[in-house]
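Written below as structure tokens is the structure these notes are about.
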Amino acid sequence: MSARLPLFGFGLFLAFLVVVPLTATNEYELRLFMLFLIYAVVALGLNILVGLTGLVSLGQAGLFALGAYTGAILAVRLGFDLVSASIAAIIIASLFGALLAYPTVRVRGVYLAVITIAFGMIVENVAIEWQGLTGGPMGITGIPKPSAFGIPMTGFRYYTVLAVVLFAVVVVTHNLKRSKYGRAMLAVSQSETAAKSVGLNVTGIRTLAFVIAAATAGLAGVLYAFLNSYISPDTFTFSDSIRFLLMVVLGGAGTTSGALIGAFILTYLPEYLQQLQYWQKFAYGLLLAVVMFVLPMGIVGTAVVVFRRFVPRGRSIDMGNAVNIEAVVRQSVAGQTGSAELVASNLTIRFGGLTALNNVSIRVKPAQIHALIGPNGAGKSTFVNSVTGFYVPDEGRFELDGVNLTGQASYLIARKGLARTFQNTELFGDLTVFENLMVGYQRRLGYTLLDAALRTGRFRRQEEECRRAAISILAFVGLGDFAHEKARFLPFGLQRRLEIARALAAAPRLLLLDEPAAGLTTQEIEELAGMIRQIASFGISILLIEHHVDLIMSVADQVTVLDYGAVIASDTPASVQNDPRVIEAYFGTATVLEQAVS
Amino acid sequence: MQTALQYIFSGLAIGGIYALVALGFHIMWSTAKAVNFAHGDALMLGAVLAIMGIDVGLPIALAALLAVAASCLFGVILERYAVRPFAKTPTSIGWMLTTIAVGIMLEALVTMQFGGFSRPLPSPGVDKALNILGAGVYPQELLIPAVAVAVMLGFVWMQRSTLIGRAMQAVAFDRNAAALMGIDVNRMFAISFGLASALGGAAGILVAPVTQASAQMGLILGLKGFAVAIIGGVTSAPGVVIAGLAFGIIEKFVEGYISTAAREIIGFSIAILVLLIYPQGLFGKREVFKV
């Protein structure tokens, strides 16, 4: 049923777009509605950025202006028609979008808000001062009537153009939201660390989201320029950027219908607020504050929550489609097959004066369970963090199947088939259990942005495979009853299991488990031991970091002991257990022990 | 030569204001890992309230003091009601939008009370220009960068040598561990926002005699202060002050030799370029995060 819901929504919206012009009583009403169609395009693009990646742009008016001026100048001076001017504006706006976003979002999301405000102001300033190109404060007049391929597109025809464009943007943005791209954006906003560990390029995804927001704003700008046939700098101010943002937040960030409702309200509201003069700006601020405090999920978001209170969604999922788990987790991805061998040689990491890892060499043989133990502060997690790219080693190198990965970004290492869990669980808290697994599966989905936008056969096939794999993994770890529960509501023991499941979804060749038994009950630890053995039997190499000696003794093929950042023993579990240096590291020297006893 | 010197002096003056605003961002960020997007409005509040105080007949020193206190209070209230409720969400969108909302409302209210025009703040610092090697400089303009440097040194001293300063650093490093050590984390947030806003208000009072005050002055100064914090490295107090002064000087030269539009373009392009090459800012420390 839920798959049909978007189609029903699209149909309803289409009917709305057809009915409104038929009922419009005068030209002013129709024109206002056409403005709504244009603003809605901006809001839908911004919704991807704000609703999915959790970033804020306060410069959409600048990008809107950039599109409008690009289109107007090309149309007036070079005779571009509606189509070519739109394409040019989209390209220019996207380029500026990438240029603004890439340097900014890789540091801190907050920076994007600041840089976009600045961008909006610069565009306004340039539009005023570069008179030769932009006409200065007077703006550009006499923009030719819109035409496409020589056919005039005026009056109701232009309305049709706007309605078709908006409808296309609704469908495309909604499809993107429900694809691996949308899920990746949500995942990145929840936990950057976890996103990297499943192979997501955090900077790339955020930049993509902003480019989408920029491209739609640029497109809307051209449409505005042709509608108005006159543009000037004072139509594109900071207040307008706030208004665009408010559309998304008021309607309900992350929901397509919310962006439309928000755009509708904020197209018509200013017509009434105009009488308020100075209070108009205050009203925007007040509205923003009221939304944040009273309706933080927006109109649609809140409505969904209320609806779900009366009609709760089942937590479990139909497990009928489960397929063989071994086939699911052993699938070859990008030509990588079989078990992997990890060879770390002479790794050294220093934090200031502290040497956390000192010349550590560890070899995890293919399809083996290799345990890494040591007292607290011995450098175990530091080792995991360095071979997964979260820390860059000061000296030494590590290889996966002979390929040197030292110094590579963590998401690239993850894409080589190295999956991990975290000592302090890192889940995508607001995503459901099922969605967490789908994000873990991400590196196996090969479809492109275009496939996702148009829901091609390739897209559908791969998504179906992804769902099936996720169901199988849920069955394997026993989380089927919680499939539609948000990850952060799971009890702690199950969260740990979900982390392992998410790592498995990536079809890893080497799995790094960072203290998976910490905080688990005895029974849960026994189940975990069984699970680890089973995973190894699929041919996945495992590096297990643990404190629980029983667990290690029962599953490990080899044990390496770290103390003060250095390897002090590496052998079979039985011989390590009797190694005097190991005993000393854990219990102190025999004399100290005797003194304590006597 | 004379022109260049003139640009340097007036650049240091406006740069000192950027430095003070950026220091505010530094203080808030380094304690709460959140900032106040209405910080520019704290500056505007300081300047406007000082003028209004003089209007009703208060002596200038008292008016300035009250204005700074009001700015400080503004920061504390904002932190309590607009930032703290959203501090625990994984994305920063909550406190960004609430502080922006407060900024918009404040600016609109002040516009209605104060009028939409600019007014100078009378100050003894701009009575008579000094002549230094042929360049005309108001004492006020010399005072601003000096205050910025002094405040920076004072803050660094406070962080190193006072209990509150150390507690603020502890909260920044790990707020849960700090709370377990008996530090009142919320109080530290309140203090950092209050201190930052007080500095903002003071910056407004310092700049108003030179550039005039208006309800709209906060947005652009706040924005540039943030750009300076990005350039200098929001984690480094000396870094943001150096960057602020340098930014001010560069602006004056670009403005003098090219145009005011070029000034904004070049200024923010520098910020983007620095981010591209030095993501942590020129003097910022890389934040090692533990996973």
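From first to last, the protein sequence lines are chains R and L.
The first sequence finishes on residue 590 if you use our numbering, and the numbering steps up by one all the way, no holes.
The second sequence finishes on residue 301 if you use our numbering, and the numbering steps up by one all the way, no holes.
Glycine included, C-beta positions come from ideal geometry on N, C-alpha and C.
Using a CB distance cut-off of 8 Å, isoleucine 465(R) does not count as an interface residue toward chain L. For aspartate 506(R), the three-state secondary structure derived from DSSP is strand. Straight through space, the alpha carbons of tyrosine 222(R) and phenylalanine 236(R) are spaced by roughly 21 Å. Put simply, the segment 311 to 318 of chain R does not touch the segment 425 to 433 of chain R. Fewer than three CB pairs are less than 8 Å apart. In the structure shown, phenylalanine 343(R) adopts extended strand secondary structure according to DSSP, grouped into three states. The alpha carbon of glycine 232(L) has as its nearest neighbour, out of Ala187(L), Gly50(L) and Glu89(L), the alpha carbon of Gly50(L).
In the structure shown, the three-state DSSP call for alanine 74(L) is helix.
Distance from the Cα of alanine 201(R) is smallest, within the candidate group Gly421(R), Gly134(R), Arg98(R) and Leu535(R), for Arg98(R). In the same chain as isoleucine 37(L), and ignoring 5 residues on each side of it, the C-beta atoms closer than 6 Å to its own belong to Ser202, Leu205 and Ala206, in chain order. Near chain L, meaning a CB-to-CB distance below 8 Å, the residues of the segment 178 to 200 of chain R are Ser181, Gln182, Ser183 and Thr185. Of the other Cβ atoms in all chains shown, fewer than 16 fall within 10 Å of the Cβ of isoleucine 143(R); this residue is therefore exposed. Ranked by Cα distance from methionine 177(R), the first of Glu456(R), Val42(R) and Gln123(R) is Val42(R). A distance below 6 Å between beta-carbons, with the five flanking residues on each side excluded, links arginine 412(R) to the following residues of its chain, in chain order: Ser189, Thr380 and Leu504. CA-to-CA, the gap between glutamine 454(R) and phenylalanine 111(R) works out to about 39 Å. Spanning the alpha carbons of threonine 62(R) and serine 324(R) requires a straight line of approximately 47 Å. For alanine 105(R), the residues of chain L that pass the 8 Å Cβ criterion are Phe47 and Met106, in the order they occur in the chain. Contact of isoleucine 259(L) with chain R by beta-carbon distance below 7 Å is absent, the smallest such distance being about 19 Å.
In chain order, Glu261, Val264 and Glu265 place their CB closer than 8 Å to the CB of arginine 273(L), counting only its own chain and leaving out the 5 sequence neighbours on each side. Proximity of chain L to threonine 340(R) at the Cβ level (cut-off 7 Å) is not reached, the minimal Cβ distance being about 16 Å. Considering only Phe274(R), Ala85(R) and Gln272(R), the residue with the shortest C-alpha distance to isoleucine 204(R) is Ala85(R).
Counted as a single uninterrupted DSSP element, the stretch harbouring valine 553(R) is not any alpha helix (DSSP H) but the beta strand (DSSP E) occupying residues 550 to 555. At a cut-off of 8 Å, the C-beta of proline 219(L) has no neighbouring C-beta in chain R. With the rule of 3 Cβ pairs closer than 8 Å, the segment 105 to 123 of chain R counts as touching the segment 276 to 287 of chain L. Cβ-Cβ distances below 6 Å link valine 217(L) to Ile27 in the same chain, with the five nearest sequence neighbours on each side left out; the list follows chain order. Valine 112(L) reaches chain R at Gly277 and Ala281, counting residues in chain order whose Cβ is nearer than 8 Å. Counting C-beta pairs closer than 8 Å gives fewer than three between the segment 435 to 451 of chain R and the segment 474 to 484 of chain R, which falls short of the contact rule. In its chain, beyond the 5 residues on either side, Arg235 and Gln272 have a beta carbon closer than 8 Å to the beta carbon of proline 262(R). The bridge partners DSSP lists for alanine 223(L) are Arg129(L). With contact defined as three or more Cβ pairs closer than 8 Å, the segment 57 to 74 of chain L and the segment 182 to 193 of chain L are not in contact. Neighbourhood of lysine 273(R) in chain L, by CB distance below 9 Å: Ile114, Met115, Glu117, Ala118 and Thr121, in chain order. Not a single CB atom of chain L sits nearer than 8 Å to the CB of proline 565(R).
Under DSSP, the beta-bridge partners assigned to proline 144(R) are Ser139(R). Residue-level contact check: isoleucine 109(R) touches chain L, since one or more beta carbons of chain L fall below 8 Å from its beta carbon. Taken atom to atom, the span from the alpha-carbon of glycine 113(L) to that of threonine 259(R) is near 23 Å. When the beta-carbon positions are compared, alanine 57(R) and leucine 66(R) stay at least 8 Å from each other. The CB of phenylalanine 278(L) comes closer than 9 Å to the CB of Ile107, Ala110, Phe111, Met113 and Ile114 in chain R, given here in chain order.
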